[in-house]
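Please read the structure below before turning to the comments.
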Amino acid sequence: MGRSPCCEKAHTNKGAWTKEEDDRLIAYIRAHGEGCWRSLPKAAGLLRCGKSCRLRWINYLRPDLKRGNFTEEEDELIIMLHGLLGNKWSLIAGRLPGRTDNEIKNYWNTHIRRKLLNRGIDPATHRPLNDAARDVTTISFSGAKEEKEQRNNPSGFVNKDDEKKIPVQETCPDLNLDLRISPPYHQSQAPEPLKTRGRTLCLVCSLGVKNGKGCACSIGGTAGSSSSNSNSGYDFSGLKTGFLDYRSLEMK
DNA sequence: AAGGAAACCAACCGCTCTTAG
DNA sequence: GCTAAGAGCGGTTGGTTTCCT
């Protein structure tokens, strides 16, 4: 069967974008809006693949992008969300205004991974490195873990990055994120699904993800709307309620 | 000052998911 | 319901910059 390529590769530029290409893309999107990436390059007079245009716009040219270093708060939020969602960079990016999935992914791979490793935490599982073989998978951001780390490293100074001598700080000290992946689900022992004013709330909505693409809850249509998080803070998939129905972690 | 190593990050590739016909 | 096109996502690559010896 096969499928036609997304663009005429023989007639497209590759590699770094030039200022002129950027300008053309920006001007075109300002005039016509995003969308229809396949036909955009031709319409905009660009010798680029549509995918390439989309990526350039999303990751670099969008006016709402926040450039510059990640803050400590963003670091901790990324770590927390990665613990919940895994490598769902786009979902994580959805919780960090002005940041792109690509940016977060790069940042994770270059900074946070190392940071966690130096803290003695496996970046993939968010569990202590020496605690690899347990039956119950626990993702923990609780004080207990910090305590353990503290014991291993009483100084609170952790890694090479820590040559800057920044003490490790718990951003959300009262946030208990102990998550357990338990044996197969049985109706009788299932916890109540997350509910908002009596309505079931899926993880996507509870995270306030804007496009609500993975939303499967009864109020999906309002995912990401201001109403979903207007009452001062979302319940990160039940974090405030103290549990996580891990079945809802299946995003797609 | 020079060369190599490490870090960083933009961009590409290939796959999956969604949607329209 | 099936198929193909379009869009989006995550993993990976490769060029550039910075750091170290």
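Count along the first sequence from 1, add 1, and you get the number used in the numbering used here.
Don't be surprised by glycine CBs; every beta carbon is placed ideally from N, CA and C.
Verify whether the separation of the beta carbon atoms of residue i and residue j is less than 9 Å.
i, j, result
"residue 66", "residue 82", "no"
"residue 26", "residue 54", "yes"
"residue 80", "residue 118", "no"
Do you know whose CA, among the options, lies nearest residue i's CA?
i, options, result
"residue 28", "62, 100, 56, 123", "62"
"residue 110", "98, 36, 123", "123"
"residue 90", "107, 74, 77", "107"
"residue 71", "88, 98, 127, 48", "98"
"residue 88", "74, 127, 42, 17", "127"
"residue 48", "35, 17, 78", "17"
"residue 59", "45, 36, 46, 76", "36"
"residue 75", "57, 104, 64", "104"
Evaluate residue i with the Cβ neighbour count: other Cβ atoms within 10 Å of its Cβ, from every protein chain shown; 16 or more gives buried, anything less gives exposed.
i, result
"residue 68", "exposed"
"residue 73", "exposed"
"residue 42", "buried"
Between the alpha carbons of residue i and residue j, how many angstroms are there, rounded?
i, j, result
"residue 85", "residue 100", "18 Å"
"residue 115", "residue 94", "20 Å"
"residue 102", "residue 113", "14 Å"
"residue 23", "residue 125", "36 Å"
"residue 130", "residue 121", "6 Å"
"residue 46", "residue 57", "15 Å"
"residue 34", "residue 96", "23 Å"
"residue 44", "residue 77", "42 Å"
"residue 40", "residue 14", "16 Å"
"residue 227", "residue 31", "Since pLDDT at residue 227 reaches only 33, below the 50 mark, its modelled position is unreliable, and no value is offered."
Assuming residue i and residue j are in contact, meaning their beta carbons sit under 8 Å apart, how far apart are those beta carbons, in whole angstroms?
i, j, result
"residue 20", "residue 38", "The Cβ separation is near 21 Å, so there is no contact."
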